[in-house]
Amino acid sequence: MNTIHAATTGISRFLDQSIRPLFDMHAQPRPIIDGGHLLRQLEQYVRNGHLKPTTLFCTADITNLYTMLPQDESLKILKEFLLEHHYEKVQGIPIGIILQLADLVLKETAFVDGNKFYRQIIGGAMGSPFTLTLANIFMWKWEKDAICGAIGPHEIYGR
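Numbering-wise, the UniProt record's numbering puts 62 at position 62 of the sequence shown, and it's gapless, one number per residue.
Okay, structure coming up:
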């Protein structure tokens, strides 16, 4: 569902502009920007002597992440992210209010087609600025719990 002109777009934009910089500052691993960026990392990995015959190269792609985010779990993970990085307020706004705004953006996504009213009950809306940031925070939790603990100190991992 696309919400570029939805009533919650302004709130979504505010949340994105407020929380995305925090995510970018704290999130590990750092994103892989493009192929050239990855190649420079691999070249350094080789120069440092870490490339071995047993080195594994893996990729993953998550289909429809934005529209499949579990809403309540995503909000819990947003709270966890903010608390883990010691934010009680974001731009002077208590995180309880931030979470209420995020809840509103996620759960009040609806449209009318003909005489039928549809409400999105899973995921975030495409075109909603905050959806990408929330998806990244959701993946931060998954990566932290499932992947990053199993990676050696010299290994490359990126998003």
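In this text, a Cβ means the ideal position worked out from N, Cα and C, and glycines have one as well.
Because the structure is a prediction, the values reported are computed rather than measured.
If the criterion is Cβ atoms closer than 8 Å, does the pair residue i and residue j meet it?
| i | j | result |
| --- | --- | --- |
| SER12 | PHE111 | no |
| TYR66 | ALA135 | yes |
| ALA125 | LEU15 | no |
| ILE122 | MET68 | yes |
| LYS116 | GLN71 | no |
| HIS85 | LEU132 | no |
| TRP140 | ALA60 | no |
| TYR45 | ILE156 | yes |
| HIS154 | ASN64 | no |
Put residue i into one of helix, strand or coil per three-state DSSP.
| i | result |
| --- | --- |
| ILE121 | coil |
Could you pull out every residue in the same chain whose Cβ sits closer than 7 Å to the Cβ of residue i, ignoring the five residues on either side in sequence?
| i | result |
| --- | --- |
| GLN17 | none |
| LYS89 | ILE95 |
| PHE138 | LEU69, SER74 and ILE77 |
| GLN91 | SER18 |
Starting from the C-beta of residue i, find all residues in its chain whose C-beta is less than 6 Å away, skip the five residues before and the five after it, and write them out in chain order.
| i | result |
| --- | --- |
| LEU82 | ILE95 |
| LEU38 | ILE32 |
| ILE98 | VAL90 |
| ASP24 | none |
Leaving out five residues on either side along the sequence, give the residues of the same chain with a beta carbon under 8 Å from the beta carbon of residue i.
| i | result |
| --- | --- |
| LYS79 | ILE95 and LEU99 |
Practice prompt. Could you name each continuous beta strand (DSSP E) segment of 3 residues or more that falls completely within the UniProt domain "Reverse transcriptase" (1-159), going from the start of the chain to the end?
Written response: 110-113 and 116-119
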